[in-house]
Structures are given as C-alpha cells and as structure tokens.
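Some notes on the structure that comes next.
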Amino acid sequence: MKKLNIGVIGVGGRGALARSAHLPSEGCRLAAGADVDKKSLEALREFAGKDVFTTNDYRRLLEVKDIDAVFIASPDFLHEEHCVASLEAGKAVYLEKPMAITIEGCDRILETAYNTGSKLFLGHNMRHFASILKMKEIIDSGIIGDVQACWCRHFIGYGGDAYFRDWHSERKNTTGLLLQKGAHDIDVIHWLMGAYTRSVVGMGMLSVYDKCERRPEGTPGSAKWDNTQYPPLTQKGFSPVIDIEDHNMIMMQLDNGSQASYVQCHYTPDSERNYTFIGTNGRIENVGDSGKCEIHVWTQRGERNSPDIVHHLKPIEGTHGGSDPAIVRTFLDFVRNGTSTNTSPVAARYSVAVGVMGHASMRTGCRLKTIPKLPDKLVEYFNNGQSQPRDTAPHGKMKVAPAIG
Ligand SMILES: NC(=O)c1ccc[n+]([C@@H]2O[C@H](COP(=O)([O-])OP(=O)(O)OC[C@H]3O[C@@H](n4cnc5c(N)ncnc54)[C@H](O)[C@@H]3O)[C@@H](O)[C@H]2O)c1
1236 MKKLNIGVIG
1246 VGGRGALARS
1256 AHLPSEGCRL
1266 AAGADVDKKS
1276 LEALREFAGK
1286 DVFTTNDYRR
1296 LLEVKDIDAV
1306 FIASPDFLHE
1316 EHCVASLEAG
1326 KAVYLEKPMA
1336 ITIEGCDRIL
1346 ETAYNTGSKL
1356 FLGHNMRHFA
1366 SILKMKEIID
1376 SGIIGDVQAC
1386 WCRHFIGYGG
1396 DAYFRDWHSE
1406 RKNTTGLLLQ
1416 KGAHDIDVIH
1426 WLMGAYTRSV
1436 VGMGMLSVYD
1446 KCERRPEGTP
1456 GSAKWDNTQY
1466 PPLTQKGFSP
1476 VIDIEDHNMI
1486 MMQLDNGSQA
1496 SYVQCHYTPD
1506 SERNYTFIGT
1516 NGRIENVGDS
1526 GKCEIHVWTQ
1536 RGERNSPDIV
1546 HHLKPIEGTH
1556 GGSDPAIVRT
1566 FLDFVRNGTS
1576 TNTSPVAARY
1586 SVAVGVMGHA
1596 SMRTGCRLKT
1606 IPKLPDKLVE
1616 YFNNGQSQPR
1626 DTAPHGKMKV
1636 APAIG
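Here it is, written out as structure tokens:
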C-alpha cells in the first residue's frame, strides 16, 4: 500500500477531522500542520508526535516535498487561496465545504485541478449520513415513483452559539449562511433529485440576532456551544458586525423539471434537517437526521402520522453520525487507489452557485437568478474521475451539466 504523508491547513476546529486519517499501521501519517493559532499546532503535535512539522504559514507546509495530501479546514473565505496553492504544489486535496464563497472561486479551483492533474476531493460528509443514503436508496428503488418535489426545513438551534460570534457573521467571509450551511443541503437535494438547479429565487432577513448584545470592537470572537442560551434574545457576546441573514428561504427550479425548496432558521429551539421528497407514487421524510432516526415512507393515501413503511436507523460511531470517519476513508482510497467517490467537485460547485445566487436574489428584491453553467471540459473531467486526458475537450464551451450519477 502506498504510504501517505498528510498535512492539515486550518488545524483547529474542523481540522480535527484529519485525525481520522492518522493511521500509521496503514501507512497514513499526519506529518504537518499549518495554522495561525499556536495552541492548535501544539495540540496536533501532542496527537501525532513531536516530529510533526508545524508552521503558521501554509506556504511553508506546501514546500514540504514528501507531503502527498492536505486537508483544508480553514475558514471559508480562505478555501480558494489555500486550495489553489495546494493543487499547484501537486498535493491531493480534501477541501471542506463550502468549496469557496464565490462561483468564480469555485471555478478557479476546478480549473486549477484540471490544469495540474492534482486530485481534488470535497468534504460533503452528508453524502455519508445513513439517513441520506437510506433516502437515496428508497428513491432509486422507484417505490415513490418519479420525484418531482423536495422541501427541506433546516432547524438550527445552535445558530447563535456558532455563526453570529466569529468570522461567519460577515458576508465578506461567507457570502451568507444560506451558502455556508445550505451548501450541504442543496448538494443533497441535487444528488437525490438527480439534477442541478437551473434558477433560484430567495427571500431572507436578519430579524433576531441583530438585537442581541455585541462584544466590544477589537475583541476576538469564538463559538460558544451551550444549550442554556435560550431564548435567543438573551444571548450576548455577538460579533460587532453582523450583515448576514438569520432566516433564509430559497426555491429552486431543477434542470430535470423538478422543483425544490430549502428554508433555514438559526434561532429555533431544536435542531434537525428535515427533508421530504415527493414522487408520483409516494413520499418519504426523515425524522432525525443522524444517530437514531427514522425514514417514513407513504405509498398510499392516508394519515401523515401513519406511514406505510418505517425504516429504523441505528446510531453509527463517529462524529456527524459516523459520516466523518467514512468520508476520510473514502478520501484515502481515492488518493491511493483512484477509487470512485460519491462526492463530486462539480456538485460542490453547483451547491455554492445556488447559495451565491440565492443570496443575490434575496438581496435584490427576490429576483429569479440563473445559475451559470460550468464548461463541458470541467464537467467531463470530474465526472470521469479526474483521470481522462485533459486536452480532449474544447476549452470554454458551455453546456448544461448532466444529471448527477
Ligand atoms: N463538513 C462539516 O460537517 C463541517 C463542520 C464544521 C466546519 N466545516 C467547515 O470547516 C471549515 C472550518 O470551520 P471551523 O468551524 O472549524 O472554523 P474555526 O474558525 O473554528 O477553525 C478554523 C481554523 O483555521 C485556522 N486558520 C484561520 N486562518 C488561517 C490561516 N490563514 N492559515 C491557516 N489556518 C488558519 C484557525 O486558527 C482555526 O484553527 C469551514 O469551511 C466550515 O464550513 C465543515
């Protein structure tokens, strides 16, 4: 088995995911970390050993020749810079969602992967959630017929704990939370409905968290996870600048004629991603999105609380409902053996594009926005597992992206 030396850019917070890739007995080793926070680098050395190379400048990490792959878990606004530089340095990349905060940023990342041949993998771990995989399996079985409609309600009870206290709270760092959080769900909707969004219309507002007490200008912000912070207006210590919405709603017209809606609220008491997919012969809905959850299936007329079939899903070990270790394993297999993946850089780009355009719509009088298409050559390259000759497609020709396989 090929040995893999792995680096991490953005070691703190979500960067901990890379620890699942530290498998010395299998030839995979966390060998380097870059972070502007000293404590995060110390914690990495404690975890993976004193010989781990650490730096506060990610460019020094990329100069280390025997680093084969990097995890990028820095804040969203740095993804484009960090990913482009990593691909250009010849490293295989695990890039956290969202791919970038602009469509241009995503397309630059895809172009760079195409031009360099360096492998690119997107951390859309919801594609490894048991609840999502079960719903996909049910839809693909045909039992609910042709899926024509999807509604996703995203309850985020912890919105004030996390996103209104640090870098997330400003458009310049995230574009907005429709994109930041919704990138996951828009991707799931595209995947399960078998098509990308063609046009989107959005409506959103900031109506609760703008009224909470702020911390003084110039003091550092950080998330504060605490279930006792309720009701929302009792919260304190929020960012001095909040220019993002705390309630987001979009409606999407997909390329295959189906339609979907996604609504997101950051001040609910509870938390869940609740999807329903409605087909010509029935409907499915998840109750719980990770851990112990159920998938309800209706195939006949009847009561909402009496589904015809209930699938009971058991908790799986590991963070984010077991999806984190599973997606890291998929990445390692992809880098070492070229094994195919269920995530897709093209799909990740389309989820960002819908987030960007949904925000653009809600900020400009709810106008319908068209999603720009990717050039054929990029769609073909990534749909073929990033291994086809890269000079076979005409450059710059645009066409509708095919339904997602
Ligand atoms: N897929 C998931 O389930 C999931 C979950 C959480 C976060 N994320 C993603 O992970 C990313 C990080 O989120 P987070 O919540 O951990 O943020 P965070 O702010 O808690 O952590 C980011 C880390 O990056 C470091 N950093 C900042 N600037 C840097 C720079 N210039 N160079 C190197 N390191 C730098 C910070 O010091 C910090 O350690 C985001 O893009 C987020 O969307 C994904």
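Heads up: the sequence shown begins at 1236 in this note's numbering, then just goes up one per residue.
Every residue, glycine too, gets a C-beta built ideally from N, C-alpha and C.
Remember, it's a predicted structure, so these values are computed and weren't measured experimentally.
Notebook entry, point to check: Is the stretch 1499-1515 touching the stretch 1393-1409 in the sense that three or more CB pairs, one from each, lie closer than 8 Å?
Noted result: yes
Next item on the list: Answer yes or no: the CB of Y1293 versus the heavy atoms of ligand 1, is any distance below 8 Å?
Entry: yes
Next item on the list: Note the first and the last residue of the continuous alpha helix (DSSP H) segment covering V1563.
Entry: 1558-1572
Notebook entry, point to check: Which first and last residues belong to the beta strand (DSSP E) in which N1491 is found?
Noted result: Unbroken run through N1491: none, as it is neither H nor E.
Notebook entry, point to check: Could you give the distance in angstroms between the alpha-carbon of G1514 and the alpha-carbon of E1372?
Noted result: 14 Å
Notebook entry, point to check: DSSP state of E1507, grouped into three classes?
Noted result: strand
Checklist line | Rounded straight-line distance, which links the Cα of K1471 to that of V1443 | finding: 12 Å
Check: Is it the case that the Cβ atoms of L1609 and Y1585 are separated by a distance below 9 Å?
Finding: yes
Next item on the list: Scan the stretch 1323-1381 and note each continuous beta strand (DSSP E) run of 3 residues or more that stays entirely inside, going in chain order.
Entry: 1327-1331, 1355-1358
Item checked: Best match in A1304, D1272, E1331 for proximity to E1323 [C-alpha to C-alpha] -> A1304
Check: In its own chain, which residues sit with a C-beta less than 7 Å from the C-beta of G1392, not counting the 5 before and 5 after it?
Finding: T1503, P1504, D1505, S1506
Margin query: If contacts are defined as beta-carbon pairs under 8 Å, then K1332 and L1357 qualify, I think. What distance do you get, rounded to the angstrom?
Written below: 6 Å
Next item on the list: Report yes or no: do the stretch 1517-1531 and the stretch 1363-1372 share at least 3 C-beta pairs separated by less than 8 Å?
Entry: yes
Check: Do Y1510 and L1413 have their C-beta atoms closer together than 9 Å?
Finding: no
Check: Hey, would you say the C-beta of K1407 is under 8 Å away from at least one heavy atom of ligand 1?
Finding: no
Next item on the list: Within the same chain, show all residues whose beta-carbon is closer than 6 Å to that of F1617, passing over the 5 residues directly before and after it, in chain order.
Entry: P1580, V1581
Check: DSSP puts A1495 in a beta bridge; with which residues?
Finding: C1385, M1487
Margin query: Assess contact between the stretch 1310-1320 and the stretch 1284-1302, defined as three or more Cβ pairs (one per stretch) separated by less than 8 Å. Is contact present?
Written below: yes
Next item on the list: With distances taken Cα to Cα, identify the nearest neighbour of I1244 among K1238, G1262, S1275.
Entry: S1275
Notebook entry, point to check: Taking Cβ positions, are M1487 and T1576 nearer each other than 9 Å?
Noted result: no
Checklist line | N-terminal and C-terminal residue of the beta strand (DSSP E) that A1267 is part of | finding: 1263-1269
Item checked: For N1240, the three-state DSSP class (helix, strand or coil) -> strand
Note to self: Helix, strand or coil, according to DSSP, for A1430 in the structure here?
What the structure shows: coil
Notebook entry, point to check: The beta strand (DSSP E) with V1591 in it runs from where to where?
Noted result: It is not in any beta strand (DSSP E) - V1591 instead sits in the alpha helix (DSSP H) that spans 1580-1597.
Check: Short check: CB of G1437 to CB of I1485, under 9 Å?
Finding: yes
Next item on the list: Determine the contact status of V1287 and A1267, defining contact as a CB-CB distance below 9 Å.
Entry: yes
Checklist line | N1521 - containing beta strand (DSSP E), residue span | finding: 1517-1522
Notebook entry, point to check: D1611 to P1467, Cα distance in whole Å?
Noted result: 46 Å
Notebook entry, point to check: To the nearest angstrom, how far is it from the Cα of R1539 to the Cα of F1512?
Noted result: 14 Å
Item checked: The alpha helix (DSSP H) enclosing V1305, as first and last residue numbers -> Segment 1304-1307 is the beta strand (DSSP E) holding V1305; no alpha helix (DSSP H) there.
Notebook entry, point to check: Quick one, which of L1427, D1445, H1425 has its alpha-carbon nearest E1405's?
Noted result: D1445
Check: Taking 8 Å as the line, does the beta carbon of L1613 fall inside it for any heavy atom of ligand 1?
Finding: no
Item checked: L1231 - containing beta strand (DSSP E), residue span -> What is shown of the chain runs 1236 to 1640, which leaves residue 1231 out entirely.
Checklist line | Counterpart residues of F1390 in DSSP-defined beta bridges | finding: C1500, E1507
Next item on the list: Output the distance between the C-alpha atoms of A1346 and G1456, rounded to the nearest integer angstrom.
Entry: Contrary to the premise, residue 1346 reads as Glu rather than Ala in this sequence. Roughly 35 Å between the two C-alpha positions.
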